[in-house]
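Here the protein sequences line up with chains R and X, keeping their order. Counted from 1, the first sequence has number 119 at position 106 by the numbering used here; the numbering is strictly sequential. Counted from 1, the second sequence has number 44 at position 31 by the numbering used here; the numbering is strictly sequential. Glycine is no exception: its CB is placed at the ideal position from the N, C-alpha and C atoms. Comments concern the structure below.
There are 2 protein chains.
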Amino acid sequence: MTDTAAPSTSIEAEVAPLVRALQDAWNAGDGAAFSAPLTDDADFVNVYGMHARGRESIAAGHEHIFRTVYAGSRVEYRVESARRLRDDVALVHLHARLSVPAGPMAGVREALPSLVLTREGGGPWRIAAFHNTFIQQPGHAAPNQEP
Amino acid sequence: MTDTAAPSTSIEAEVAPLVRALQDAWNAGDGAAFSAPLTDDADFVNVYGMHARGRESIAAGHEHIFRTVYAGSRVEYRVESARRLRDDVALVHLHARLSVPAGPMAGVREALPSLVLTREGGGPWRIAAFHNTFIQQPGHAAPNQEP
């Protein structure tokens, strides 16, 4: 954070633009923009444990939710932690606050997405994996079956 | 994938022992064994969006749940997908089927944990990050606040 002309910067500073781009894309309801920072073969696990693969599939899924359950919603992301696993691999945990104005998901929820970022050569950080979980009191999950 | 005597093996084969060790540790109710494959500074996000850091903290949390809500529970893990992000960094998604015999979580639930694995030199794969989410029908999450 105190670097001036040095090439190495803190990982927090390096990932801030990506996180801001995600937030801006969500708040614009723009699935293509939300998915732009993903790698081509990215993995995405949503809060319901649904697993999508590949930027195009993930973009389509977000276009859908931005037109339906999350229409008009606003998200605020805060970087909760970020660390490098390798020079070109980073692990980031966000805190998300999601406000939904109407519909079945109306209300304010918090979530904790984790992101695995990679970059190639001197290129930008991209999201290789995104996994999201609602922050909830334990015990809310309904069983699929009896014991 | 077609290698025979070559030293490089499929990532699925390489991670299978680790996944089996996790499953065996859960089914033995052994928090220390469950946490043994973690890196010292591992991140762990559970199905309620609670974020623990470090092997010791994660072990203590599992010792607690193995004595309480998940006492006597059984888990079955299946590798849903595994891929290398780097030679020494891998991304694994599991399918988990958890059977709890009694108590507030009694029943059968499914979950989708994602794991980020790293290894140092020729050492074993270790878990740098674990993030888990129950597989649920959309719409179950209660809002924290009204809109």
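Local conformation of residue i per DSSP, three classes
i: R/I148; result: coil
i: R/D54; result: strand
i: X/V60; result: coil
i: R/A38; result: helix
i: X/E76; result: helix
i: R/A109; result: strand
i: X/A49; result: coil
i: R/A124; result: strand
i: R/A65; result: strand
i: R/S94; result: strand
i: X/V129; result: strand
i: X/E27; result: helix
i: X/V82; result: coil
For residue j and residue i, the rounded distance between their alpha carbons
i: R/D53; j: R/A46; result: 14 Å
i: X/M118; j: R/R97; result: 36 Å
i: R/R132; j: R/D101; result: 5 Å
i: R/G74; j: R/L51; result: 14 Å
i: R/R122; j: X/G135; result: 43 Å
i: R/V32; j: R/V92; result: 8 Å
i: R/H144; j: R/S127; result: 5 Å
i: R/I24; j: R/E159; result: 45 Å
i: R/E27; j: X/L125; result: 29 Å
i: X/W39; j: X/V60; result: 16 Å
i: R/V129; j: X/S94; result: 16 Å
With 16 other Cβ atoms within 10 Å as the buried cut-off, status of residue i
i: R/P137; result: exposed
i: R/D56; result: buried
i: R/T22; result: exposed
i: R/T81; result: exposed
i: R/S70; result: exposed
i: R/D16; result: At R/D16 the pLDDT is 44, less than 50, meaning the model places this residue with poor confidence; the figure from the coordinates comes in the next sentence. It counts as exposed.
i: X/A141; result: buried
i: R/Q149; result: buried
i: R/H106; result: buried
i: X/R99; result: exposed
Listed by chain order, chain X residues near residue i by CB distance under 7 Å
i: R/Q22; result: According to the sequence shown, residue 22 of chain R is Thr rather than Gln. Correct list: empty, because the minimum Cβ distance to chain X is about 21 Å.
i: R/R99; result: R99, V102
i: R/P160; result: S112, V113, P114, A119, G120, V121
Where residue i meets chain R, residues with beta-carbon distance less than 9 Å
i: X/G152; result: Y61, V82, P117, M118
Where residue i meets chain X, residues with beta-carbon distance less than 9 Å
i: R/S127; result: D56, V58, H64, S127, V129, A142, H144
Contact set between residue i and chain X, taken where Cβ atoms lie within less than 8 Å
i: R/H106; result: D56, V58, H64
Chain R residues whose Cβ lies nearer than 7 Å to that of residue i
i: X/A124; result: G62
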